[in-house]
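Visitor: This structure is in structure tokens; I'll ask about it shortly.
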Amino acid sequence: MCAATPATALETGLPGEFSGSYRNLLFAGDNPAGHVVQTDLNRLRLEWTTPVLDASGRLNAHLAYDNEFTAGGLVSTPVYQAATRIPEATWLDAEQTVLRRGRMFWRHRLYRGWVNWDNGDVQVKLGRQRIAWGSGRMWNPTDRFNPVDPTALEGDQKIGVDSALGEWRYRPSGAVQLVAAPGRGAHAVSRKTAMRVRDTFGEADISLLAGRMGSEQVAGADFAANVLDGGLHGEMLRARPSGASAYTQLSAGYEYTVLNAAFPEGLYLLGEYFFNGAAGRVNGANERLNSTVKHLAGLSAGYDLTPLLRLEASTILDVVKGSSFVAPKLTCSLARNLELSVFGYIFAGPAGSEFGARTNLYVAQFDAYF
10 MCAATPATAL
20 ETGLPGEFSG
30 SYRNLLFAGD
40 NPAGHVVQTD
50 LNRLRLEWTT
60 PVLDASGRLN
70 AHLAYDNEFT
80 AGGLVSTPVY
90 QAATRIPEAT
100 WLDAEQTVLR
110 RGRMFWRHRL
120 YRGWVNWDNG
130 DVQVKLGRQR
140 IAWGSGRMWN
150 PTDRFNPVDP
160 TALEGDQKIG
170 VDSALGEWRY
180 RPSGAVQLVA
190 APGRGAHAVS
200 RKTAMRVRDT
210 FGEADISLLA
220 GRMGSEQVAG
230 ADFAANVLDG
240 GLHGEMLRAR
250 PSGASAYTQL
260 SAGYEYTVLN
270 AAFPEGLYLL
280 GEYFFNGAAG
290 RVNGANERLN
300 STVKHLAGLS
310 AGYDLTPLLR
320 LEASTILDVV
330 KGSSFVAPKL
340 TCSLARNLEL
350 SVFGYIFAGP
360 AGSEFGARTN
370 LYVAQFDAYF
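When we follow this note's numbering, the leftmost residue of the sequence shown carries the number 10, and every step to the right adds one.
Written out as structure tokens, the structure is:
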């Protein structure tokens, strides 16, 4: 039975604010030989945010350090061994393998690390950070700094980008952002520069962007607006690769919460569509959303069964070749700082389709925050 207990706080005598988290991810799935294997991932993350030079808050620094240990059947497979020998897609080499032996793999790394200056009107941020662009819930084609596949096992773990960000807030609802990130061929990271202008007009948030991502010149837009008591959102990116034909990626969706006698806690519903004009193209170091088909449709729903228990389900349909991805999830809040989730990633479809070659995963995830 789920029950709430008081959270604990991390207190130290050092300057700044300390926090952290621990995640245990136990999952089972088929290995390349077709045998079901279990694998257990343990990650301890320590975070520190502190003022720099004075306590005004204008200049501060943040560090997030990961210590990660994985053990189980998947670790010993050639696919996993090869994947963990590929450098992380970051400019700065801030990851190190501590142990690699049989069914065990241990590494530590810098997850975030930046210095930020902000006077309210102007912000300058340097280091490994998250550049979160776009309005989509499942697909963000305009997010070319941190693209994340909606079927990723840990979609909430976004590695970030080593970059410099400058932002000028010309009015409370509007800002101009400039981002520059160096490239590193050995890590499959391309050089990226982009400008984005965002503002609010009535009940609509609108953004425009332009830049260069590796070998591609890009331009795009995204919006989010309140429509018929729900949220309408969309984004589009037009890219022109060097020496190749241009392509378009776009997503559009609508989310709504049904609140009535049948669903007193509010049933959350989301529908989203993704068009990928670059379907089947080799990605290289351009870091974009990938798919083998041009048209994908996503649906998601969520409902709080009790104040401590939430049921969710998402599905993505390959409407071209008839494959599907389904992800049911049940989350229990054990305490204010403890959470347990069980979920599955279930794939189906013919060979050559978007999801036909994927293997099912069944996962138990425990998170603790301090």
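Each residue gets a CB set at the ideal place from its N, CA and C atoms; glycine is no exception.
When you compare only the Cα positions, how much space is there between G239 and E104?
Guide: Residue mapping note: residue 239 aligns to position 230 of the sequence shown, counting from 1. Residue mapping note: residue 104 aligns to position 95 of the sequence shown, counting from 1. Near 42 Å, if we compare the C-alpha coordinates of E104 and G239.
Visitor: Inspect the CB distances between the region 339-346 and the region 314-324 and report whether three or more fall short of 8 Å.
Guide: Judged by Cβ distances under 8 Å, the region 339-346 makes contact with the region 314-324, as three or more pairs qualify.
Visitor: Would you say the beta carbon of L317 comes nearer than 6 Å to a heavy atom of the ligand GDP?
Guide: The ligand GDP is not among the ligands present in this structure, which contains no ligands whatsoever.
Visitor: Would you list the residues sitting across from L276 in a DSSP beta bridge?
Guide: The sequence position of residue 276 within the sequence shown is 267, counting from 1. Answer by DSSP bridge pairing, in chain order: V267.
Visitor: Could you round the C-beta distance between L218 and G229 to whole angstroms and report it? I think they count as a contact, below 8 Å.
Guide: Translated into positions along the sequence shown, residue 218 becomes position 209. Translated into positions along the sequence shown, residue 229 becomes position 220. L218 to G229, Cβ: 5 Å. Contact.
Visitor: Roughly how many angstroms lie between the CA atoms of D208 and E296, to the nearest whole one?
Guide: Start at 1 with the first residue of the sequence shown, and residue 208 comes out as number 199. Start at 1 with the first residue of the sequence shown, and residue 296 comes out as number 287. D208 and E296: Cα-Cα distance of roughly 26 Å.
Visitor: State the Cα-Cα distance for the pair H242 and S144, rounded to the nearest angstrom.
Guide: Along the sequence shown, one-based indexing puts residue 242 at 233. Along the sequence shown, one-based indexing puts residue 144 at 135. The alpha-carbon atoms of H242 and S144 are separated by roughly 6 Å.
Visitor: Could you give the residue range of the alpha helix (DSSP H) that holds Q90?
Guide: Locating residue 90 in the sequence shown gives position 81, where the first residue counts as 1. Here the alpha helix (DSSP H) through Q90 covers 87-92.
Visitor: For a quick check, are the C-beta atoms of G280 and G262 less than 7 Å apart?
Guide: The residue given as residue 280 occupies position 271 in the sequence shown. The residue given as residue 262 occupies position 253 in the sequence shown. Cβ atoms of G280 and G262: closer than 7 Å.
Visitor: Does the CB of L101 have a neighbour CB from chain C at under 7 Å?
Guide: Although the question refers to chain C, the structure presented lacks it and comprises just one protein chain.
Visitor: Kindly indicate which residue of I95, V46, G122, G353 has the alpha-carbon position closest to the one of R112.
Guide: Residue numbering aside, residue 112 sits at position 103 when the sequence shown is read from its first letter. Minimum Cα distance to R112 is reached at V46.
Visitor: Report the CB separation of R205 from W142 in whole angstroms; it is logged as a contact under 8 Å.
Guide: For the purposes of this step, residue 205 is identified with residue 196 of the sequence shown, where counting begins at 1. For the purposes of this step, residue 142 is identified with residue 133 of the sequence shown, where counting begins at 1. Indeed, because the Cβ distance is near 6 Å, the residues count as touching under 8 Å.
Visitor: Residues in its own chain within less than 6 Å of E77 by CB, not counting five upstream and five downstream?
Guide: To locate residue 77, count along the sequence shown from 1; it is residue 68. The residues are R52, R116.
Visitor: What do you get for W177, buried or exposed, if any count of 16 or more other CB atoms within 10 angstroms of its CB means buried?
Guide: Counted from its first residue, the sequence shown places residue 177 at position 168. Exposed: under 16 other Cβ atoms inside 10 Å.
Visitor: Compare the C-alpha of G307 against each of W148, A98, D39 and name the closest.
Guide: The sequence position of residue 307 within the sequence shown is 298, counting from 1. Ranking W148, A98, D39 by Cα distance to G307 puts W148 first.
Visitor: Inspect the CB distances between the region 187-194 and the region 157-173 and report whether three or more fall short of 8 Å.
Guide: Output reads yes: the region 157-173 touches the region 187-194.
Visitor: Once DSSP output is grouped into helix, strand and coil, what is the label at T17?
Guide: Mapped onto the sequence shown, residue 17 falls at position 8. In this predicted model, T17 has a pLDDT of only 45, less than 50, meaning its place in the structure is not dependable; the value taken from the coordinates is given anyway. It is coil, neither helix nor strand.
Visitor: Are T79 and L50 closer than 7 Å when you measure CB to CB?
Guide: In the sequence shown, residue 79 corresponds to position 70, counting from 1. In the sequence shown, residue 50 corresponds to position 41, counting from 1. The answer is yes: Cβ separation under 7 Å.
Visitor: DSSP three-state label for A190, please.
Guide: As a working mapping, residue 190 is identified with position 181 in the sequence shown. Residue state, collapsed to three classes: strand.
Visitor: Could you tell me which residues DSSP puts in a beta bridge with V45?
Guide: Counting from 1 along the sequence shown, the entry for residue 45 is found at position 36. BP columns for V45 point to D39.
Visitor: In chain order, what residues of the same chain have a beta carbon less than 6 Å from the beta carbon of R221, not counting five sequence neighbours either side?
Guide: Working through the sequence shown from its first residue, we reach residue 221 at position 212. Here the set comprises T202.
Visitor: Just to confirm my understanding: we take E97, look at its own chain, exclude 5 residues before and 5 after, and list those with CB closer than 6 Å. What are they?
Guide: Position 88 of the sequence shown, counting from 1, holds the residue named residue 97. Only E104 meet the Cβ criterion.
Visitor: Distance, Cα to Cα, R247 vs R121?
Guide: Taking the first residue of the sequence shown as 1, we reach residue 247 at position 238. Taking the first residue of the sequence shown as 1, we reach residue 121 at position 112. Answer to the nearest angstrom: the Cα atoms are 30 Å apart.
Visitor: Quick check: the Cα distance between Y256 and F154, rounded to an integer number of angstroms?
Guide: On the sequence shown, residue 256 is found 247 positions in, with the first residue counted as 1. On the sequence shown, residue 154 is found 145 positions in, with the first residue counted as 1. Distance between the alpha carbons of Y256 and F154 is about 18 Å.
Visitor: Locate the beta strand (DSSP E) running through V61, then write down its first and last residues.
Guide: In the sequence shown, residue 61 corresponds to position 52, counting from 1. Note, V61: premise wrong, no beta strand (DSSP E); not H, not E.
Visitor: Is it the case that the Cβ atoms of S323 and S309 are separated by a distance below 7 Å?
Guide: Against the sequence shown, residue 323 aligns to sequence position 314. Against the sequence shown, residue 309 aligns to sequence position 300. Cβ atoms of S323 and S309: closer than 7 Å.
Visitor: Which residues bound the beta strand (DSSP E) around E77?
Guide: Residue 77 sits at position 68 when you count from the first residue of the sequence shown. Taken as a continuous stretch (DSSP letters only), the beta strand (DSSP E) holding E77 covers 68-81.
Visitor: Would you report the Cα separation of P15 and E348, rounded to the nearest angstrom?
Guide: Counting from 1 along the sequence shown, the entry for residue 15 is found at position 6. Counting from 1 along the sequence shown, the entry for residue 348 is found at position 339. With a pLDDT of 39 at P15, under the threshold of 50, the predicted position of this residue should be treated as unreliable, and no value is reported.
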